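The block underneath contains the structure these notes are about, expressed in structure tokens.
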Amino acid sequence: MKQFKPNLIKAALISGGMAFGSAPAFAQDANTDAVDEANLEVIQVSGIRGSLQRAQAIKMDNTSIVEALSAEDIGKLPDTSIAESIARLPGVTGERRNGRTSGISVRGFNENYVGTSLNGRELLGMGDNRGVEFDLYPTEIISNILVYKTPEAGMTTQNIGGSIDLQTVKPLTAESTFTVNGTFEKNAEDSPNPDFDNDGHRISLNFVDQFADDTIGLALTVASMESPRQEQHFRGWGYATVNTTPENTFDDNGNPLWNPRRYDGQDTVDVPDGTVVLGGHDSFQRSAMLERDSIAAVVQWAPTDKLNIQLDALYIDFVEDDVRRGLEEGGAEWGTSAYTITGVENGLVTSGYSDGFYSVVRNDARRQEADLTTVGINAEYQINDSWTLELDYSTGKVEKEIIDVESYSGVGRAGTEGRPITARSWEMTSSGVMFSDHPTIAPVDLTDPTLISLAGPQAWGARPLLESDAQDGFVNQPLFEEELDTLRFDVKGYVDWGVVTGLSAGVVYSDRSKSKDNNGAYLTAPSYPGNAAIPEVLGVTNLNFIGIDGVLAYDSLGLFESGYYIESDASRVQNDRLGDTYTVDEELLTLYTKLDLEMEVGDIWVRGNVGLQVVSADQQSTGFFATSNREGFTVANPVSGGADYTDVLPTLNLSAEVAEGQFVRLGLSKVISRPRMDDMRPNTQVTFSFNDNQITSTEIENGPWGGSAGNPELRPLEANQFDLAYENYFADTGYVAVSFFYKDIKNWHRSTSIVADFTEFYIPEVHQGSEGQTPVLFTGQVGSVLDGFEGFVRGYELQGSLPFDMIHDSLEGFGLFASATFMDGEVDAAPGQTETRIPGLSEESYSMTFFYENAGFEFRLAATKRDQYLTEERGVSLALVDATKQGGTLVDAQIGYDFSESGIEYLEGLRVTLQAQNLTDEDDIQASAADGRQITQFQTYGTNYLLGFNYKF
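Here the sequence shown is numbered in my numbering, starting from 518 and rising by one per residue.
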């Protein structure tokens, strides 16, 4: 039986110019034989097949169950962001957010439950929580990506979903090169907004070289990008229950409870009890431009054979500007009771017409700015032939600010006499709704600058801070800051203790802090209490995708930044401002030990490791308890909370080569995911919405009262894992694999909402409508986060890579890589709730890449598909709320030519490509989990085209 020698693969990869970071991919080379150069097959293949060959070698070598992706050349992954690349791997799915693949799920768990590292060090995200927004990290800095599905004891980023390690090049063992990449980008859809264009670009420089007799290595990457996006967006408020209360029914005060429109003969169909109807919408055309500049450097110094020092540094500056121009309109029940139903199917109103709502013309703009800086230094000293010491220190910091301006305009300020009201007919569609003219009421021209004024047409004020007709806009300005410092000391060496051939042990200390300041302000036009024309109209944004001609376009962000609006600090009356302002501090002390194993069982060679990790945590957080005083102003008192505890996490990984190139792998482990940062806040808040429609609503989900609370004592999410895989490697780029996994979830967190009575917080002179209306309801929903829930996730993964020349020599250059994942799982529902899903889990997902590469020509067609899954999106005050996406199929294509095969000397080193992303213009759909016809969000983005070149000197 041939014993598997991983050092041969490793040496071949390094000889081929591809080296790796400090992640534990090759950390278990214990007692391997010296490399026999006569038998060494040096991997020199470049391009698509070269990347597949390197990735396959990494997968073969690892005793953990991993997926690997390797760049075709330095700085050349085949996508615009690492998120798109990772999403093609087996068991991994991507989530589009605003047209870009940003979120990543591993084995059914989204990025909040997946650890992410850069060269083995935990990487900060740029979002609200721990999860990394992968689309913000440029592909140009990445050499390899490893997805660990089973952990090892030395990995501090192990999570319930898995761990993703992004690896940069090691310059002392990499090929010297200077590479220039450039790309021109254009969306198939013209910009619907007059102040945004549709062109973008990317350019990057990659430099790798060695100095001082090959004792100093430098790898430097500088990258800049501008990327446009266009989007058509329908968003439904929700689906209200049609009021079918019997005629002549009154409450105790003699107020009518029935809707006369159900009994006046205008409805043309019967309306059964329990029928639901679209309660309103806000739909818009979105244009965005993302600008990202990044610098990455790796300096490696090996003054002696025993000492190696490496410095890694990464800086990313990210800015995204977008505008969302459209309409916000109340619909049946929640916007008006004056509506007629003309169609009902299986409990859903499919068509009808409403007699009017004062449409709110929305010109919203958002700017997101973030800076990430991370620096790490690693010193490795070889004491002797058997033992090595390693010291690693890293520090990272992220600052992120969002300015989200809402600007309201319409046919006149709320309360203005003689305003024309918008009446519409509607018909539900598979993409949401399509509007048309009312059968008897004339339409209102919302593109007429002589009719539309910069004044809020709805009574959305907030007493006592400002009158109910004084809100002409709002600005959310949350500020996030996060810092992470980590110090690590490791010792590792070879031992001869029978089946134990290696020992690793270490201690890791990390100190993390994350804060959020939830700033916001009401905006009032200087013409208040009168109406005024829009200062500078840019043009018209059409809304024909929902059957509406369009709205006037103007620069709301420019107006805000110029000081045009009068600002009123929302934290004086909105309890969710200080109620969602917090700081979370977390200190972790981790001790670990790992034993490397090698043995022969019968005629089968077995490698692996067994280890133990002990994690001591101390988490503390500070925030506010916020409620209202009798004058209606916010009263906020500081609060704090926290917990400390210890987790013990054993791991076992075994890999048996049962036949030549065939492996059976087994993994057993206990894993944890740290609690979400926003869930660990100690805050509690009581809120009231000064919206007449909500104040007079009879439905709790649309009522004015609400509240929420964090939980600073949350324990980590926890699971026991079992993994089993079979892998058969039959060619350099050919293999098949099947794996089964089961995650027994022992602790999970659930957001729970309970109905609470807010009577004790009611202040009659404060909590009223614009005309003094008393709230119909004094109950509302209070949300919090609890732990202690249990569940499971299990699944199968099938994957394979096939070079077609194995079928026939005439198919040289053709190949196929494909995978399929089938999962199911659930976690106990929270008390009073029915939600048992896990965020990010699609029961079925597929990935396929078909390619051709020969004589310099290349072609690639890639597709990913996933079904429905639970996610989250930004809601009121930019808070994250649960949402259900329907999944979909994304298809990308690429053609290219490498001139190194052309025989033209001065073009050697040049490679050109043409890419098409989202080739089939796949849409994103969110809908009710109970009824897929109840569309709550529909987004379509168009196809993106990229023309690029890569020149290697």
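Ideal Cβ placement from N, Cα and C applies to all residues, glycine included.
It should be emphasised that the depicted structure is a prediction, and the values quoted were computed from it without experimental measurement.
Quick one: complete alpha helix (DSSP H) runs, 4+ long, within the stretch 1125-1170? Runs of the alpha helix (DSSP H) inside the stretch 1125-1170: none found.
For residue 645, is the classification buried or exposed, using 16 other Cβ atoms within 10 angstroms of its Cβ as the cut-off for buried? buried
Please report the straight-line C-alpha distance between residue 1016 and residue 1308, rounded to a whole angstrom. Straight-line Cα distance between these residues: approximately 36 Å.
If contact is defined by three or more beta carbon pairs under 8 Å, each pair taking one atom from either stretch, is the stretch 1419-1435 in contact with the stretch 728-736? No, they do not touch.
Rounded to the nearest angstrom, what separates residue 1453 and residue 749 at their Cα positions? 14 Å
Close Cβ partners of residue 497 (< 6 Å) along its chain, the five nearest in sequence each way excluded: Absent from the structure is residue 497, since the part of the chain shown begins at 518 and ends at 1470.
Residue environment, residue 823, which counts as buried when at least 16 other CB atoms sit within 10 Å: exposed
Short of 6 Å in beta carbon distance, which residues of its chain neighbour residue 1147, apart from the five on each side in sequence? Order them along the chain. 1280
Residues in the same chain with beta-carbon distance under 6 Å from residue 1385, minus the five sequence neighbours each way, listed in chain order, please. 1403, 1404
Near residue 1156, what residues of its chain come up, given a Cβ to Cβ distance below 8 Å and the 5 sequence neighbours on each side ignored? 1139, 1140, 1141, 1142, 1199, 1200, 1201
Closest to residue 1180 by CA distance: which of 704, 1363, 583 is it? 583
What's the gap between the Cα of residue 525 and the Cα of residue 574? Because residue 525 sits at a pLDDT of 37, beneath the cut-off of 50, its placement in the model cannot be relied upon, and the point is left open.
Is the beta carbon of residue 775 less than 7 Å from the beta carbon of residue 785? no
Using DSSP with H/G/I as helix, E/B as strand and the rest coil, what is residue 1033? strand
Looking only at its own chain, which residues have a Cβ that is under 7 Å from the Cβ of residue 1154, when we skip the five neighbours before and after it? 1141, 1142
Could you spell out where the alpha helix (DSSP H) holding residue 935 opens and where it closes? Unbroken run through residue 935: none, as it is neither H nor E.
Are residue 1252 and residue 1243 close, meaning C-beta to C-beta below 7 Å? no
With three or more beta-carbon pairs closer than 8 Å as the criterion, would you say the stretch 1022-1029 touches the stretch 995-1011? yes
Whose C-beta lies closer than 6 Å to the C-beta of residue 1468 among residues of the same chain, with five residues either side of it excluded? 697, 1426, 1427
Do residue 628 and residue 648 count as a contact pair if the criterion is CB distance below 7 Å? yes
For residue 634 versus residue 674, is the C-beta spacing smaller than 7 Å? yes
Simplified DSSP state of residue 945, which is helix, strand or coil: strand
Straight-line gap, residue 1123 to residue 1344 (C-alpha atoms, nearest Å): 36 Å
Using a Cβ-Cβ cut-off of 7 Å (strictly less than) and excluding sequence neighbours within five positions of residue 1479, which residues of its own chain qualify? Outside the shown range of the chain, which is 518 to 1470, sits residue 1479, and nothing can be said about it.
Would you report the Cα separation of residue 873 and residue 1401, rounded to the nearest angstrom? 30 Å
Could you give the residue range of the beta strand (DSSP E) that holds residue 1270? That run of the beta strand (DSSP E) goes 1251-1274.
With a Cβ-Cβ cutoff of 7 Å, do residue 1330 and residue 1369 count as a contact? yes
Our contact map puts residue 516 next to residue 800 with C-beta atoms below 8 Å; I'd like the distance itself, whole angstroms only. No information on residue 516 is available, as it lies outside the stretch 518 to 1470 that the chain covers here.
Expressed to the nearest angstrom, what Euclidean distance is found between the alpha-carbon atoms of residue 1388 and residue 919? 21 Å
Please state whether DSSP places residue 1219 in a helix, a strand or coil. helix
Pairs of beta-carbons, one from the stretch 1084-1091 and one from the stretch 1032-1044, closer than 8 Å: are there three or more? Taking a cut-off of 8 Å on C-beta distances, the stretch 1084-1091 touches the stretch 1032-1044, as three or more cross pairs fall below it.
Is the CB-CB distance between residue 1299 and residue 1271 below 7 Å? yes
How big is the Cα-Cα spacing for residue 1390 and residue 1182? 38 Å
Check whether the Cβ atoms of residue 931 and residue 959 sit closer than 7 Å, and answer yes or no. no
Proximity below 7 Å, CB of residue 896 to CB of residue 826: It is a contact, given that the beta carbons lie within the stated cut-off.
Ignore the nearest five residues each way along the sequence and tell me which others in residue 606's own chain have a CB closer than 7 Å to its CB. 584, 586, 664
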